[in-house]
Structures are given as C-alpha cells and as structure tokens.
Amino acid sequence: MKRTIVLILWALSWNVLQAQDSMEVMKAIRATNILDNGWNLRTSYIGLTFKDKENTVGSPYLYPEWRRMWLDSMDNKPVKHSVVYEANLDLEKNELIIKGGDGKAYTPETRQVQMFHFQRGDTQHIFVGLRLGDSYKFVQELAAGKYCLVKEIKISFARADFVDKGMIQSGKNYDEYRREPVYYLVKDGIPEKAPLRKKSFLSLLDKDPQAAATSRKFLSSYNGPFDETAMVKTVEAINK
C-alpha cells in the first residue's frame, strides 16, 4: 500500500514538473512570436551578458542581470495584458533589450514603446518615453499626476589615464562608466530641467500659484536635505 502511494505521489510530481516545463517553453515561444510579429526589431544579440568588463568599473546597463519587465504602452496604445519579459535597459544607447525564447536578445524600435516597468519583489521602476530636445529618451518616472517628475540617467565613459613617472603617479588604471542623474519636471508633456536646488526647483512653479504655495508649505515642514526623495515627495504633495 505504501509503495503504491509513493508511486502515485512520484507520478503526480513528475506531471507537475512536466507541466511547468511546458508552460515555460510556451511562454518563451509566445514572447518570441510577439517580438517577431509585433515589433520592428533593429538588432539581435547572442550570448549577451551584463557583467562588468575586465578592468572596467560600472556598466552601461541598468541592471547587472536580466529583470522581469512588463509593457504598459506600445504604439501609443495601452497594453492590457503584457507578456512578462526578461529584459534590461542599455542606458548608453537608450535601448530596451528583451530576451527572446530562442536564446537571442532583441532590441525593438525605441519609438514603438511609450511605457514599461521592471519589478523585483516590491520594488518597481517605471520608465516612459519622453522627447528631450531632438531625442526620444527612456526616463524613469518618479512621480506622476498633473506634474510628473522624471529622471534621465546619463552615461559617460572615461578611459584609463594612469601615468607613472617614477616618483609621481597620476590618473586611474581602469576604464569607468559614470552615471549622472538629470531630473525634469513635466507638465502637459513639456519637460523643464529640475536642478537639485530648492530655490531653482520652486522657480519652476512660479506660473502656477497653487502648486507654488503647496510646494513651499510642504518643504517648510520637511526635515531633510533637498535631494531626489524631497523632490518626489514635493511633487506628490502638489498632485494630491
């Protein structure tokens, strides 16, 4: 009897595992088909990894590994039921990189995507497409409403410049990717650069007396430096 029960449990476990494997395969195929049929793919990568290069500090990629990503708006239409993709963001090239089900990674046409988000546990990073000057950029949305606060993550690459003159040494002996956050306050689709200086930030609201009064009242009782967190909380207060 015990042997029979063990065999039954083993069979059920095997069926569950087989079903899970089949579901993963179907999800991968589905994701690949959507990429192939729905998007204009400009580039494909094989064997792409996001690990830091040898003798290099930092990376042009948002994350050090693939992350789960959902599409929220594509071709100027909301996506009601997004496939869960494995993806990353190339900050230097401003490209969304999506892992297909065929071992390759794909880069869709940037302008086709208006909004997407990455999520890991309770942490969510939302990105939206925004025209900055002559370029269409993916920027991180920090606060949304009548006023939106977004962050562009600029990447610069600095080569090793180590010089050894015997007694005098200077520079660094490694290449480096450097990140610089640039903030924008957006209203009616029009972005204005928002420096991390309280006076400069408040001046952006001079044409909106109610928003200006709300922001000044909030910041008058805010305990802490005027940093990214302070800007986010201020914009959230304005949007209430």
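Just so you know, the sequence shown maps onto residues 1 to 240 in full-length UniProt numbering. Every residue gets a Cβ at the ideal spot worked out from N, C-alpha and C, and that includes glycine. These numbers come from a predicted model, not from an experiment.
- DSSP places Pro191 in the uninterrupted beta strand (DSSP E) bounded by 190 to 193.
- Pairing Ile153 with Arg179 gives a Cβ-Cβ distance under 8 Å.
- A straight line joining the alpha-carbon of Pro64 with that of Ser200 spans about 34 Å.
- Residue environment for Ala158: exposed (fewer than 16 other C-beta atoms within 10 angstroms of its C-beta).
- Pairing Lys99 with Tyr106, the inter-Cα distance amounts to about 6 Å.
- With fewer than 16 other beta carbons inside 10 angstroms of its own, Val84 counts as exposed.
- Non-local beta-carbon contacts of Asp122 in its own chain, meaning distances under 6 Å to residues more than five positions away in sequence, are absent.
- If you look at Lys104, you'll find it in the beta strand (DSSP E) that goes 104 to 108.
- Per DSSP, the unbroken beta strand (DSSP E) holding Met69 starts and ends at 67 to 74.
- Per DSSP, Val232 has no beta-bridge partner at all.
- For the pair Glu236 and Ala87, the CB atoms are not nearer than the 8 Å cut-off.
- The alpha-carbon separation between Thr56 and Glu95 amounts to approximately 21 Å.
- A straight-line Cα-Cα distance of about 44 Å links Pro108 and Lys217.
- Cβ-Cβ distances below 8 Å link Thr234 to Phe201, Ser215, Phe218, Leu219, Tyr222 in the same chain, with the five nearest sequence neighbours on each side left out; the list follows chain order.
- The three-state secondary structure of Phe218, taken from DSSP, is helix.
- In terms of Cβ geometry, Met115 and Ser82 do not form a close pair [threshold 8 Å].
- Straight through space, the alpha carbons of Ala212 and Gln119 are spaced by roughly 33 Å.
- CA-to-CA, the gap between Tyr174 and Leu71 works out to about 37 Å.
- The three-state secondary structure of Ala87, taken from DSSP, is strand.
- As computed with DSSP, Gly129 is found in a beta bridge with Phe138.
- Under the three-state reduction of DSSP output, Ala211 falls in the helix class.
- In the same chain as Pro181, and ignoring 5 residues on each side of it, the C-beta atoms closer than 8 Å to its own belong to Lys151, Glu152, Ile153, Lys154, Glu228, in chain order.
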